[in-house]
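Numbering (UniProt numbering), first residue to last: 1 to 581.
Take a look at the structure:
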């Protein structure tokens, strides 16, 4: 560390940031220069403009206006933002983020070991594709690796977290070495684009990525790590506070564009909605379609474009008739309609007296119990093998509907196919809630921790209930809530894969077998419904065998990002609003 770093550390703790003049003076002390050219490092999604390397506010403002379409430039370390903003007030804005700094002299290594994944650099086309899929799922801009400033010219490095069992990319972060990027006299570095898969069951991925970056730059002889975080991102701020980051009094400036609109206009009507309504409202806003909020809590809104008005409750719209809605909600009717259409379905009958139920169980050996009119997996019990289990599940299901169905149980993966305008738009395998043992915590504690992560990642829409069905699943595997799961052991804690009960999605749109896609479209036409989520059991998404389970008239479009579900839905409602390519 250079001698002036300790003095600077004391100044930082008093809430001061280095001025442009002080940085110039330090460069002179070191015998170095800023250079003739201001520094703009391309990060694949846009440029980082190092504010104090620009000779004056006008040159920084001009460079921000050179931002390329579809990208997001950020000017950081702007000591006097009012001077820059005053030159272009209609096109530039002050970013509502806090800048935080960790001096490496304050860093303490973790005493906890997180297992089940490893950290490595992004290095192949498949790595970039996986990172981009992750970023788009988190509402972030994708990376164009061809636009990255090369590392030997001071460009960034991307790291990823890879699951040991599946090889899937479950997290990513970008780091910038300031010494290489702009000959920083203070030997700094910065962190950008931290993202963790919202469906990742492994704890600590975000923390390990941050710590890896810190320790990587420490090994290079650097002195601190800076980052920028939205002022209201409490979850991220809690992590950074735990690691020892402190506020830095400097500012960032961005250009007003469609990507940044929520930052400079503030929360729009979409902020009041859950993720399933919000994704549609945001797409409507992008097209200039008026949004009238009818009941945000219920997900009700009206879209207006010209003389056309369409009311929606999330993805359920005026275009879905009452008859089609009834055919989906009443699972007995769904079964009849799809069977008449020649599709493959399980055996089904209404629950009756104990003798009738026992006869059905004896015939099929393994049974599913579900309320006739239900949603979000409520009251559903799967793979029941004794009459006692069946009768108990029937009583539970009657809490949601007095009419209860018995179905034959079929092995397979839970596949959701989204059909909009009688075309397949997305497909995903839904997997039940799962925890991974660490050899220390009880299964109950693991469930609670995983449930908190799922709630945080889905805006409170997904959590694992600690109910009789979860306990039955644990008991069937030989455990209960107080059992300690061995380190590295995976355990499904639910039988159903509904997202509202903690399930996760794996996108399989690109490999969906044509037979499955055709069956889904035939089902949508049989139900005569313009937007529907169809649930099937399949051995694999790329094989033709299937059994239909049910249809959902209000499927969650947000669950299938980055597939263009909201775009296709708004195309359906307002075909004349489609963007011409």
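Glycine residues also receive a C-beta, built at the ideal position from the N, C-alpha and C atoms.
Assumed close pair residue i, residue j - CB separation to whole angstroms, cut-off 8 Å
i           : j           : result
residue 367 : residue 406 : 6 Å
residue 369 : residue 354 : Wrong, their Cβ atoms sit about 14 Å apart, outside the cutoff.
residue 71  : residue 45  : 6 Å
residue 41  : residue 154 : 6 Å
residue 583 : residue 171 : Summary: the structure shown does not reach residue 583, with the chain confined to residues 1 through 581, and so no result is reported for it.
residue 546 : residue 519 : 6 Å
residue 494 : residue 432 : 4 Å
residue 530 : residue 319 : 5 Å
residue 532 : residue 524 : 5 Å
residue 535 : residue 403 : About 19 Å; that fails the 8 Å criterion.
Bridge partners - residue i, DSSP secondary structure assignment
i           : result
residue 273 : None, per the DSSP bridge assignment.
residue 74  : 48
residue 337 : None, per the DSSP bridge assignment.
residue 158 : 174
residue 531 : 420
residue 367 : 384 and 408
residue 390 : In the DSSP output, where bridge partners are listed per residue, residue 390 has none listed.
residue 537 : 414 and 547
residue 163 : 117
residue 484 : 442
residue 350 : 405
DSSP state of residue i mapped onto helix, strand, coil
i           : result
residue 490 : strand
residue 356 : helix
residue 171 : strand
residue 417 : strand
residue 548 : strand
residue 43  : coil
residue 403 : coil
residue 577 : helix
residue 315 : coil
residue 332 : helix
residue 287 : coil
residue 495 : coil
residue 54  : coil
residue 587 : Because the chain here runs from 1 to 581, residue 587 falls outside it and cannot be looked at.
residue 294 : strand
residue 303 : strand
residue 322 : helix
residue 516 : helix
residue 426 : strand
residue 589 : Beyond the ends of the chain as shown, which are 1 and 581, falls residue 589; an answer cannot be given.
residue 378 : coil
residue 563 : coil
residue 179 : helix
residue 265 : helix
residue 278 : helix
residue 7   : At residue 7 the pLDDT is 33, less than 50, meaning the model places this residue with poor confidence and gives no usable figure here.
residue 468 : helix
Whole-angstrom distance between residue j and residue i, CA atom to CA atom
i           : j           : result
residue 501 : residue 208 : 27 Å
residue 31  : residue 80  : Residue placement at residue 31 is flagged as unreliable, the pLDDT there being 41, under the threshold of 50; the coordinate-derived value follows with that caveat. Looking at the two C-alpha atoms, the distance is approximately 26 Å.
residue 164 : residue 491 : 16 Å
residue 145 : residue 125 : 9 Å
residue 538 : residue 234 : 40 Å
residue 397 : residue 390 : 10 Å
residue 347 : residue 317 : 31 Å
residue 439 : residue 114 : 12 Å
residue 246 : residue 99  : 8 Å
residue 330 : residue 365 : 25 Å
residue 584 : residue 122 : Coverage of the chain is limited to positions 1 through 581, which leaves residue 584 absent and any answer about it impossible.
residue 212 : residue 252 : 25 Å
residue 513 : residue 264 : 44 Å
residue 315 : residue 372 : 22 Å
residue 173 : residue 442 : 31 Å
residue 279 : residue 559 : 10 Å
residue 220 : residue 214 : 10 Å
residue 296 : residue 84  : 38 Å
residue 326 : residue 345 : 19 Å
residue 53  : residue 197 : 35 Å
residue 543 : residue 508 : 12 Å
residue 572 : residue 133 : 25 Å
residue 92  : residue 528 : 49 Å
Residue i beta carbon near the ligand ADP (any heavy atom closer than 7 Å)
i           : result
residue 391 : With respect to the ligand ADP, the structure offers nothing, as it holds no ligand at all.
Within-8 Å CB hit, residue i to chain C
i           : result
residue 407 : Absent here is chain C; the protein component of the structure consists of one chain.
TODO: Could you tell me which uninterrupted alpha helix (DSSP H) segments, each at least 4 residues in length, are contained entirely in the stretch 80-153, listed from first to last along the chain?
DONE: 81-87 and 125-137
Open item on the list: Which complete beta strand (DSSP E) runs does the stretch 428-466 hold, if anything under 3 residues is left out?
Closed with: 434-436
Open item on the list: So within the stretch 183-261, which uninterrupted alpha helix (DSSP H) runs reach at least 4 residues, ignoring any that extend past its ends?
Closed with: 205-219 and 234-243
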